[in-house]
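**Student:** What follows is a structure written as structure tokens; I'll ask about it next.
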Amino acid sequence: MAAKKGRSRKKNRGRATPASPAPANRAAAASTTAATRDRDARPSVSERLPALDPELRDRILLALLTLDGLVVGLLGVAFTYQRFGGVAIPVAALLAGLANAALLWLAAGHTSSGWRWAPLGAWGLVVLVAGAVPGPGGNVVLSTSPNYLVQTLLLLVLGVAPAVVLSRTGRLPDPEA
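If you count the sequence shown from 1, you need to add 674 to reach this note's numbering.
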């Protein structure tokens with residue numbers, strides 16, 4: 675081992691170890707420091723944009739949740755009679771119920787008034803108008819014929835039941851202060 679130490683010392687004797695960075699490195703370090711200072715001096719995105727009034731923000735979010743209720747209603751009506759392998763499984767009704775419960779839970783986080791029910795009301799409006807009102811040709815999307823009555827009722831019941839259970843059990847969040 676002693677021999678190895680001696681050899682390594684001999685190799686390093688002729689070389690100078692830099693104690694300080696080379697002048698080119700100093701310039702790069704200075705420009706990096708200046709860039710860091712400039713970045714820190716610039717205001718962040720949240721500082722550049724004006725802050726929204728919390729009440730206005732809650733109203734905008736509630737409007738977007740209501741729009742989501744409309745979309746869930748359209749998709750629920752469109753896929754009510756979907757069959758898997760020839761068997762009518764109420765997947766659309768189950769998904770609509772879960773989505774409505776989630777929308778109600780999110781809306782309850784923004785308001786304690788009756789407007790928390792707006793997404794569910796929008797869903798119901800779409801189901802009634804798009805599903806029950808005859809179109810120009812007299813066709814109705816949601817049928818009450820004996821072959822399709824169970825699926826129609828499952829959409830109506832399972833679409834509302836999870837949200838009502840969530841509300842009745844007191845599991846809705848309180849609006850943020």
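Positions of the beta carbon are idealized from the N, C-alpha and C atoms, including for glycine.
Leaving out five residues on either side along the sequence, give the residues of the same chain with a beta carbon under 8 angstroms from the beta carbon of residue 771.
**Tutor:** Here residue 771 corresponds to residue number 97 of the sequence shown, with the count starting at 1. Excluding sequence neighbours, residue 771 sits near 832, 833, 834, 835, 836 and 837.
**Student:** Would you mind working out which of 766, 813, 760 and 739 sits nearest residue 752, comparing C-alpha positions?
**Tutor:** Reading the sequence shown from its first residue, position 78 is the one you call residue 752. Measuring from the Cα of residue 752, the nearest candidate turns out to be 766.
**Student:** Which of the three DSSP states, helix, strand or coil, is assigned to residue 757?
**Tutor:** Sequence index remark: in the sequence shown, residue 757 carries index 83 (1-based). In this structure, residue 757 counts as strand in the three-state DSSP scheme.
**Student:** Going by DSSP in three states, residue 762 sits in which element: helix, strand or coil?
**Tutor:** Residue mapping note: residue 762 aligns to position 88 of the sequence shown, counting from 1. Looking at residue 762 - three-state DSSP - the assignment turns out to be strand.
**Student:** With H, G and I counted as helix, E and B as strand and the rest as coil, what does DSSP make of residue 747?
**Tutor:** In the sequence shown, the residue the question calls residue 747 occupies position 73. Helix at residue 747.
**Student:** What's the gap between the Cα of residue 804 and the Cα of residue 823?
**Tutor:** Looking up residue 804 in the sequence shown gives position 130. Looking up residue 823 in the sequence shown gives position 149. Each residue's alpha carbon lies about 16 angstroms from the other.
**Student:** My assumption, with CB atoms under 8 angstroms, is that residue 779 sits in contact with residue 746. Please give the rounded CB distance.
**Tutor:** Working through the sequence shown from its first residue, we reach residue 779 at position 105. Working through the sequence shown from its first residue, we reach residue 746 at position 72. Going by Cβ atoms, the distance from residue 779 to residue 746 rounds to 14 angstroms, so no, they are not a contact pair.
**Student:** How is residue 732 classed by DSSP in three states: helix, strand or coil?
**Tutor:** Here the question's residue 732 lines up with position 58 in the sequence shown. In the structure shown, residue 732 sits in a helix (DSSP, three-state: H, G or I).
**Student:** Indicate whether residue 815 and residue 750 have their beta-carbon atoms separated by less than 8 angstroms.
**Tutor:** Taking the sequence shown and counting its residues from 1, the one referred to as residue 815 is at position 141. Taking the sequence shown and counting its residues from 1, the one referred to as residue 750 is at position 76. Result no, Cβ atoms of residue 815 and residue 750 do not sit closer than 8 angstroms.
**Student:** Does the beta-carbon of residue 809 have 16 or more other beta-carbons within 10 angstroms, so that it is buried, or is it exposed?
**Tutor:** Indexing the sequence shown from 1 puts residue 809 at position 135. So residue 809 ends up on the exposed side.
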